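As they're listed, the protein sequences go chains A and B.
Residue 121 is where the first sequence ends in this note's numbering, and the numbering goes up by one at each step.
Residue 129 is where the second sequence ends in this note's numbering, and the numbering goes up by one at each step.
Step one of this worksheet: look at the structure below.
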Amino acid sequence: AQKITQTQPGMFVQEKEAVTLDCTYDTSDPSYGLFWYKQPSSGEMIFLIYQGSYDQQNATEGRYSLNFQKARKSANLVISASQLGDSAMYFCAMREGGGKSTFGDGTTLTVKP
Amino acid sequence: NAGVTQTPKFRVLKTGQSMTLLCAQDMNHEYMYWYRQDPGMGLRLIHYSVGEGTTAKGEVPDGYNVSRLKKQNFLLGLESAAPSQTSVYFCASHRKQEPNYGYTFGSGTRLTVV
Numbered sequence: 009a010q011k012i013t014q015t016q017p018g019m020f021v022q023e024k025e026a027v028t029l030d031c032t033y034d035t036s037d038p039s040y041g042l043f044w045y046k047q048p049s050s051g052e053m054i055f056l057i058y059q060g061s062y063d064q065q066n067a068t069e070g071r072y073s074l075n076f077q078k079a080r081k082s083a084n085l086v087i088s089a090s091q092l093g094d095s096a097m098y099f100c101a102m103r104e105g106g107g108k109s110t111f112g113d114g115t116t117l118t119v120k121p
Numbered sequence: 016n017a018g019v020t021q022t023p024k025f026r027v028l029k030t031g032q033s034m035t036l037l038c039a040q041d042m043n044h045e046y047m048y049w050y051r052q053d054p055g056m057g058l059r060l061i062h063y064s065v066g067e068g069t070t071a072k073g074e075v076p077d078g079y080n081v082s083r084l085k086k087q088n089f090l091l092g093l094e095s096a097a098p099s100q101t102s103v104y105f106c107a108s109h110r111k112q113e114p115n116y117g118y119t120f121g122s123g124t125r126l127t128v129v
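Right, here's the structure in full:
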């Protein structure tokens, strides 16, 4: 069974609007971390935001927030006030014990002017 | 601060040839990883290391070997390259005491096997 599922291969959003990128995960480990990374067309991987399984509040980093619903095993990324530079591929990842992470297949976000 | 440096950035190999990809980090990170990314897909873990002198297999280790003789370097070897190993290879690292920090990635190595 896939551990990380990103069901949206591609998403479009109008500039300055908010967008939600979906991520569901599967684990039986009570301790885990959830991450989002951005991969622009240039190819590098950029860490955006982290949510721990025991964190009570949703993580926020500037215009990025993580909508963590533990019972539903979902960790959606919300980008507010989209900018043209947000156009990229976004990956959700889960880190269980030992440090290694499992990645989803990604969502390509296109911001329209 | 260079972060994570991968060499080479691009390489074309013929089937059956061997090569070594080098990953070097200057952040004193204990944990290092090699992932591959195929077109339109996420990253899959090849091998990883939790410290100098230790390595372990990931999800797709076949056809690859690794070594971590020095803390700052993590080498990925292809023993006999196959077209199925055409991919973009990423090295990543993080500090053991900071599990809530995301990986620091290298810029990737684009490998084509013909």
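Every residue gets a Cβ at the ideal spot worked out from N, C-alpha and C, and that includes glycine.
From a predicted model like this one, the values you see are computed outputs, not experimental measurements.
Let me check one thing: in DSSP terms, what residues is residue i bridge-paired to?
i	result
R125 of chain B	B:F25, B:V103
K120 of chain A	A:Q22
L92 of chain A	Answer by DSSP bridge pairing: none, since L92 of chain A is not bridged.
G41 of chain A	A:G60, A:R103
E69 of chain A	A:Y72
S82 of chain A	A:T32, A:Q77
S109 of chain A	A:R103
M34 of chain B	B:L93
K11 of chain A	Answer is none; K11 of chain A lacks a bridge partner.
M123 of chain A	Outside the displayed span of chain A (9 to 121) sits residue 123 of chain A, for which this structure offers no information.
Restricting to Cα atoms, I'd like to know which of the options is closest to residue i.
i	options	result
P54 of chain B	B:K85, B:Y104, B:C38, B:E74	B:Y104
L56 of chain A	A:T35, A:Y62, A:S50, A:Y45	A:Y45
L60 of chain B	B:A97, B:S108, B:L84	B:S108
A26 of chain A	A:K108, A:R71, A:M53	A:R71
T22 of chain B	B:H62, B:Q52, B:T35	B:T35
D37 of chain A	A:K120, A:A89, A:M102, A:F76	A:M102
M53 of chain A	B:L126, B:R26, B:G117	B:G117
V27 of chain B	B:G121, B:S102, B:G68, B:G78	B:S102
T35 of chain A	A:Q77, A:D63, A:S73, A:I12	A:I12
S82 of chain A	A:V21, A:G60, A:K24, A:C31	A:C31
Q47 of chain A	A:A96, A:A67, A:N66	A:A96
Anyone know if the C-beta pair for residue i and residue j falls short of 7 angstroms?
i	j	result
Q16 of chain A	G112 of chain A	no
S3 of chain B	G31 of chain B	An answer regarding residue 3 of chain B cannot be provided, because it is not within the stretch 16 to 129 covered by chain B.
M19 of chain A	L85 of chain A	no
T119 of chain B	G57 of chain B	no
Y98 of chain A	T110 of chain A	no
M47 of chain B	F89 of chain B	yes
G73 of chain B	E45 of chain B	no
G93 of chain A	G123 of chain B	no
N80 of chain B	G92 of chain B	yes
G60 of chain A	N115 of chain B	yes
K120 of chain A	Q22 of chain A	yes
R51 of chain B	S64 of chain B	no
Every unbroken alpha helix (DSSP H) inside the segment 38-122 of chain B [4 residues or more]: Counting only runs of at least 4 residues, the segment 38-122 of chain B fully encloses no alpha helix (DSSP H) element at all.
Any residues in the segment 65-80 of chain B with a beta carbon nearer than 9 angstroms to a beta carbon of chain A? Which ones, in chain order? Within the segment 65-80 of chain B, contact with chain A at the beta-carbon level (separation under 9 angstroms) is assigned to V65, A71, G73, E74.
Would you list, in chain order, the members of the segment 105-122 of chain B that have their beta-carbon closer than 8 angstroms to a beta-carbon of chain A? Sequence-ordered contacts of the segment 105-122 of chain B with chain A read F105, A107, H109, K111, P114, N115, Y116, G117, Y118, T119, F120, S122 [C-beta pairs closer than 8 angstroms].
Closer than 7 angstroms, Cβ to any Cβ of chain B: which residues of the segment 68-87 of chain A, in chain order? Listed by position, the residues of the segment 68-87 of chain A near chain B (Cβ gap below 7 angstroms) amount to none.
Short-range partners of chain B found in the segment 104-116 of chain A, where Cβ spacing is below 8 angstroms: Going along the segment 104-116 of chain A in chain order, one finds G106, G107, K108, S109, T110, F111, G112, D113, G114 with a Cβ nearer than 8 angstroms to chain B.
Contact residues within the segment 25-45 of chain A, judged by C-beta distance below 8 angstroms to chain B: Listed by position along the chain: G41, F43, Y45.
At a CB distance below 8 angstroms, what residues from the segment 25-36 of chain B approach chain A? Give them in sequence order. Taking 8 angstroms as the upper bound on Cβ-Cβ separation, chain A lies near no residue of the segment 25-36 of chain B.
Members of the segment 46-69 of chain A that neighbour chain B once the beta carbon cut-off is set at 7 angstroms: So the close ones are G51, E52, M53, F55, Y58, G60.
Along the segment 40-59 of chain B, where does the CB come closer than 7 angstroms to a CB of chain A? Name the residues. Under the 7 angstroms Cβ criterion, the segment 40-59 of chain B contributes Y46, Y48, M56, G57, L58.
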